[in-house]
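Each residue of the sequence shown is one higher than the one before, counting from 2 in the numbering used here. C-beta: ideal position from N, C-alpha, C; glycine also. None of these values were measured; they are calculated from a predicted model. Written below as structure tokens is the structure these notes are about.
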Amino acid sequence: MGSKVSAILGSANRDPEVFENPNTLDITRKENKHLSFSKGIHFCIGSQLARMEVEIAFDVLMDHLSGAKLSAEREWRNNASMHGMKTFLVRK
Ligand code: HEM
Numbered sequence: 002m003g004s005k006v007s008a009i010l011g012s013a014n015r016d017p018e019v020f021e022n023p024n025t026l027d028i029t030r031k032e033n034k035h036l037s038f039s040k041g042i043h044f045c046i047g048s049q050l051a052r053m054e055v056e057i058a059f060d061v062l063m064d065h066l067s068g069a070k071l072s073a074e075r076e077w078r079n080n081a082s083m084h085g086m087k088t089f090l091v092r093k
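Dropping the structure here:
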């Protein structure tokens with residue numbers, strides 16, 4: 002009773018029982034039951050806005066970074082609940 006439960010969404014999003022090639026970034030993935038915006042009654046109310054923002058951001062990035070390559074140098078965030086890079090370098 003009264004215990005706290007913390008869901009590690011980043012880990013759930015790489016569940017090999019749910020996703021084929023869970024560690025591959027595949028933006029064309031058809032079956033994509035990820036939990037990034039949670040689920041149920043607390044599902045993120047801003048998810049559509051977030052998706053639009055990402056679409057615009059990628060459009061702008063692609064315009065400016067056409068032909069660019071990611072450098073192997075990158076720094077990962079030290080955060081158990083949100084996996085991601087803190088910085089990465091892009092070379093043209
Ligand atoms: C990539 C961007 C975003 C991600 C990954 C994200 C993720 C999440 C997650 C996981 C939850 C559930 C939290 C929980 O169950 O305790 C949530 C809830 C929520 N998010 Fe987002 N969110 C994003 C963007 C936004 C934006 C742009 C807005 C508003 C402009 C927003 C507003 C909210 C609100 C109000 C809730 C609470 C919903 C509720 O409890 O009924 N989010 N979000």
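Look at the beta carbons and you see the segment 12-20 touching the segment 28-46: at least three pairs across the two are nearer than 8 Å. With distances taken between CA atoms, THR88 lies nearest to TRP77 out of ALA69, SER82, TRP77. Per DSSP, the unbroken alpha helix (DSSP H) holding ALA51 starts and ends at 48-66. ALA69 is not a Cβ neighbour of LYS31, given a cutoff of 7 Å. In the structure shown, ALA73 falls within a strand segment according to DSSP collapsed to helix, strand and coil. When secondary structure is reduced to three states using DSSP, LEU90 falls in the strand class. LEU71 is the residue among ALA81, LEU71, HIS84 whose C-alpha sits nearest the C-alpha of LEU90.
Cβ-Cβ distances below 7 Å link MET83 to GLY11 in the same chain, with the five nearest sequence neighbours on each side left out; the list follows chain order. No heavy atom of the ligand HEM is found nearer than 6 Å to the CB of ALA73.
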